[in-house]
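In this note's numbering, the protein residues as written are 1 to 162.
Cβ atoms here follow ideal geometry from the backbone N, Cα and C, with glycine treated the same way.
Heads up: the structure comes next, in structure tokens.
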Ligand SMILES: [Mg+2]
């Protein structure tokens, strides 16, 4: 199984950029670049790591992607919510911790890529899998090509354990 951990804001939703997809939720160009990845690596499934998962259920998120022309079945899951409050103190875990927690529950997953616009410091431990987008421009075409190359490389490197 190949998993793409997908952030939304700053990856396929760009606040001020015109040119939304017909569903009105995502950036058409960035969405097309995501679709290129999904087409080139048909066995890749997505796990949503965006804060959108705090506002929408997995079913709703799947619906959004379906409206944008992405097969809802490609959305496997969301990362766990590890936010917690101790007394007066709120703890906000890094996204890398939430991805780590998801992977701990799915030890069979060894092939992955992470698409997010967070800083490198927020992805410690995943330097080789992290593809950083820019908040104001989202997923670019050259990045989708790099991600496809990465996913294909790990697919062939690990094809013996398929
Ligand atoms: Mg983001």
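Collapsed DSSP secondary structure at residue i in the structure displayed
i	result
residue 51	helix
residue 37	helix
residue 132	strand
residue 64	helix
residue 139	coil
residue 14	coil
residue 162	Below a pLDDT of 50, predicted positions are generally treated as unreliable, and residue 162, at 47, falls in that range; the measurement from the model is reported next regardless. Three-state DSSP puts residue 162 in coil, outside helix and strand.
residue 70	coil
Residues near residue i by beta carbon distance below 7 Å, same chain, minus five either side
i	result
residue 25	13, 64, 68
residue 11	30, 115, 116, 117, 133, 138, 139
Sequence-distant residues of the same chain with beta carbon closer than 6 Å to residue i, five excluded per side
i	result
residue 21	28, 31, 68
residue 130	114, 123
residue 93	82
Buried or exposed by the 16-neighbour rule on C-beta atoms within 10 Å, applied to residue i
i	result
residue 44	buried
residue 162	Summary for residue 162: the model assigns pLDDT 47, below 50, so the residue's position carries little reliability; its value from the coordinates is reported in the next sentence. Flag for residue 162 reads exposed.
residue 84	exposed
residue 144	buried
Extent of the continuous alpha helix (DSSP H) run through residue i
i	result
residue 90	Segment 89 to 91 is the beta strand (DSSP E) holding residue 90; no alpha helix (DSSP H) there.
residue 97	95 to 105
Other residues of its chain near residue i: CB distance less than 8 Å, five sequence neighbours each side excluded
i	result
residue 125	96, 100
Any chain E beta carbon closer than 7 Å to residue i
i	result
residue 41	Chain labels in this structure do not include chain E; a single protein chain is all it has.
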